[in-house]
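> Below you will find the structure I want to go over with you.
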Amino acid sequence: MRPAPALRLGVNIDHVATIRNARGGDHPDPLRAAEIAVAAGADGITAHLREDRRHISDRDIELLSKEIPLPLNLEMAATPDMTAIALRHRPHAACLVPEKREERTTEGGLDVVAGEKHIAPVVQALRDAGVRVSLFVEPDRRQLDAAVRIGAPVVELHTGTYCEAWLHHREAFEAERLRLAEAADYGASLGLEVHAGHGLTYDTVAPVAKMKPIAELNIGHFIIGEAIFVGLEESIRTMRRLMDEARAEVGAALK
Ligand code: PXP
C-alpha cells in the first residue's frame, strides 16, 4: 500500500500585517499569527516583503526568521534590493514574484521567458546561499521550460485564473482546472517540484489538492479573512483538513 503523497500547507500571513498597518500600531501581530499557524498544523510560513512595504515589514521578516520553528518562504521581487535582503536572512525558501506598485495583489505569474536574463542571476545567487528558489508562474509550458533553463528547482503555479473562474466564469472552471493539472504534470516531468497558490478557498482547494505532483499550497487571504469569523486556528485547521481529505482520496486511488 503506497502512502498518499504529502501535501504541505504554507500559511501566508501578509494580511495580518495589512490590518495592523491600517492603524500603524503593532496589533494584530504577524508573529503571533505564525505561532498559531504552527499550532494549527501549517508546514511553513509564507510572507511577501513588497517593495512598498504595504503589509509585511523588514522587522517582521527578521522576527519570523529568528523565532518561528517552521520553514519561512519569502516572497519577493527579483530585484537587487530584495536579493540583498534575502541573502541577509537566508530563509528556507524564496518565491520570486512579479510586482507592480499599483496592483492590489500579485496579478499574474512571473514572465520567466521574457525575463530570463535578469531572473537567472537572482536564482543563482539565492541557490548559492542555500535558499530553495521557486518561481511563481502561470500554468504554461513555456514558463516551466524557462524555469528549468535558468536552474530553478521549484515552480509555484498561479491559481488566480482558476479561482476567478470558480467565482465569475463557472463555465470555464473545468478548463482552468485541467490547465493547472496539465502544467503540474508537465512541471514534474521536467524534474521541477511543483507548488500552487493564489486565491484558494475552501471551495477551490480540493481539486488542486488532488493533483498528485503538487507538493505545497500557499494560502493567505481566504484563511485570514475566514479567521475573522471562526478564529485563525480554526480557519487553518479547516483548510488543512480539506487538503488532507482530498489528497487522501488520491492516495486511496493509488493503492
Ligand atoms: N503564492 C504567491 C506567490 C503569492 O504571491 C500569494 C499572494 O501573496 C499567495 C500564494 C497567496 O495568495 P492568497 O493570499 O490569495 O491566498
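When we follow the numbering used here, the leftmost residue of the sequence shown carries the number -15, and every step to the right adds one.
Ideal placement from N, C-alpha and C gives every residue a C-beta, glycine not left out.
Please read all numbers here as calculations on a predicted model, not as lab measurements.
#1: Would Val106 and Ala62 be called neighbours here (beta carbons separated by less than 8 Å)?
#2: Does DSSP classify Glu122 as helix, strand or coil?
#3: Of all the beta strand (DSSP E) runs that stay within the bounds of the segment 46 to 87, which reach a length of 3 or more residues?
#4: Does ligand 1 have a heavy atom nearer than 7 Å to the CB of Leu184?
#5: Can you grab the Cα-Cα spacing for the pair Ala21 / Ile(-3), in whole Å?
#6: Under the three-state reduction of DSSP, which class applies to Ile212: helix, strand or coil?
#7: Is Arg224 buried or exposed, if buried means 16 or more other CB atoms sit within 10 Å of its CB?
#8: Would you call Met(-15) buried or exposed, if buried means 16 or more other Cβ atoms sit within 10 Å of its Cβ?
#9: In chain order, what residues of the same chain lie with their CB nearer than 8 Å to the CB of Leu176, ignoring the 5 residues before and after it?
#10: Helix, strand or coil, according to DSSP, for Arg116 in the structure here?
By the coordinates alone:
#1: Contact flag set, yes.
#2: coil
#3: The DSSP assignment places 56 to 60, 77 to 80 as complete runs of the beta strand (DSSP E) inside the segment 46 to 87, in order along the chain (cut-off: 3 residues).
#4: yes
#5: So the alpha carbons of these two residues sit roughly 9 Å apart.
#6: helix
#7: buried
#8: Its pLDDT being 46, under 50, Met(-15) is placed unreliably by the model, and the measurement read from it follows with that caveat. The residue in question, Met(-15), is exposed, as its Cβ has fewer than 16 Cβ neighbours within 10 Å.
#9: Leu128, Ala131, Val132, Ala136, Pro137, Val138, Val139
#10: strand
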